[in-house]
Every structure is written in C-alpha cells, then in structure tokens.
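What follows is a short report on a single structure.
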C-alpha cells in the first residue's frame with residue numbers, strides 16, 4: 781500500500797498504527813510518504829498513492845474524501861499554567877497571555893484571529909510554527925498557550941501538558957483520501973478499518 785500523509789499525522793500517529801497493522805498482517809507491505817495536504821491530493825490524482833490522510837477539505841477532480849474524525853479546537857499548556865484550572869478556555873481568557881500561533885499559511889490562523897477580534901481579546905504572539913506538534917512542544921516549555929486541532933496530538937503528549945476545550949466555532953475534520961476513478965485496494969480498505977478500530981478515544985475528537 782502506498783500511503784501519503786502530512787507530518788502531523790505521519791510522524792507519530794501513523795507510525796504506531798502502521799507497525800501494529802503489519803504485525804497483524806505480515807504479508808502486507810506499506811510505503812509511507814510524508815507530504816503536504818496539497819501533495820496528498822496530487823499523489824492520489826496521479827495514481828502515485830493508494831490512500832492519503834488529510835486534515836484539509838480539499839475537493840478536487842477524481843478525489844474522494846471519506847470522513848474519519850471530527851474535532852473542536854483545544855488549548856494546550858503546561859499543567860502549572862494559570863489557565864489550567866479552567867474546564868473551558870474562553871477567547872477573552874487569552875487576552876495579554878503569551879500565545880504560540882500557527883503560521884499564516886494555515887487557514888486556521890485567520891479563523892482564530894477572527895474569534896479573538898470578535899471578543900476583543902489580544903494575546904501576545906511570541907512564536908509561530910507550521911505544525912500542531914511543534915506548537916504543543918513549545919507550549920510544554922512554558923513559552924505560552926497554543927490553540928490547535930487536538931487530533932492526533934492530544935494522544936501523544938507527556939503528563940506535564942494538558943489540553944482544555946477552547947470555546948469557539950472552529951472545527952476540524954480529518955479525511956481518508958482515495959481515488960474516485962478506481963476501486964480502493966483491499967489493503968487500503970483493511971488499513972482504514974484498522975485505524976477506525978484502534979484510534980484512541982479522547983474528549984476532544986469523535987469518529988465520523
């Protein structure tokens with residue numbers, strides 16, 4: 781199976797699932813390519829991948845997006861952060877707090893800025909990063925709070941990082957990406973079932 785996924789899904793989340801899938805199916809072979817969401821779509825279109833994962837709703841000719849997970853925005857911070865005692869973080873709670881933001885190339889950055897502006901909340905942006913894993917790793921150092929898609933990063937953090945729901949309309953959807961012009965190979969269908977069955981449950985994400 782030729783599998784393609786962005787770094788947020790590939791480096792930690794998919795590695796473990798690929799290993800358990802191959803242990804259960806030793807006659808199978810998986811080739812993993814790490815690429816941007818645009819490249820995930822392109823590789824499926826060009827028949828260079830059998831299956832992709834994407835957290836971006838990129839509708840293209842010849843592509844089928846099958847819903848996998850649905851998440852709501854969450855804040856990540858160290859356990860001893862002053863906001864850690866709240867069950868839900870409101871946008872105004874971030875006012876004047878150091879914030880680690882996703883870079884402007886992410887559409888979610890504009891969504892977050894709109895939410896904060898509407899609530900007259902002005903955090904102090906101390907750093908920008910390109911992945912949610914990097915944002916959470918920086919938050920873990922005590923540099924600031926970050927607002928991210930908690931899937932799958934919330935499953936792979938140490939005990940000194942906590943996640944809290946962020947009260948906003950920001951939502952995230954994760955999709956399986958396959959070709960709409962030819963049948964999905966049996967091994968890819970088997971891997972999709974494996975992921976659905978073995979994806980850990982958290983308060984921040986639901987199966988779709």
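Residue numbers (my numbering): 781 to 988.
Glycine included, each C-beta is placed from N, C-alpha and C at the ideal position.
For residue 897, the enclosing alpha helix (DSSP H) covers residues 887 to 898. For residue 986, the enclosing beta strand (DSSP E) has its first and last residue at 985 to 987. Around the beta carbon of residue 809, fewer than 16 other beta carbons sit within 10 angstroms, so the residue counts as exposed.
Excluding sequence positions up to five before and after residue 918, its CB lies within less than 8 Å of the CB of 880, 907, 909, 924, 926, all in the same chain and listed in chain order.
Counting only residues of its own chain and dropping the five nearest sequence neighbours on each side, residue 832 has a CB closer than 8 Å to the CB of 783, 784, 785, 820, 821, 823, 824, 956, 957, 958. In this structure, residue 930 places its C-beta atom within 8 Å of the C-beta atom of residue 943. Under the three-state reduction of DSSP, residue 957 is assigned to strand. Going by DSSP, residue 798 is part of the alpha helix (DSSP H) stretching over 795 to 804. Shown here for residue 988: same chain residues with a beta carbon closer than 8 Å to its own, the five before and five after excluded, namely 847, 848, 849, 850, 953 in chain order. Secondary-structure assignment with DSSP links residue 857 through a beta bridge to 942. Using a C-beta cut-off of 8 Å, the stretch 867 to 875 makes contact with the stretch 892 to 900, since at least three inter-stretch Cβ pairs fall below that distance.
In terms of CA proximity to residue 843, 962 leads the group 795, 962, 792, 977. In the three-state DSSP reduction, residue 883 falls in the coil class, being neither helix nor strand. For residue 818, the uninterrupted alpha helix (DSSP H) run begins and ends at 817 to 825, by DSSP. For residue 927, the enclosing beta strand (DSSP E) stretches over residues 925 to 928. Boundaries of the alpha helix (DSSP H) around residue 912: 912 to 920.
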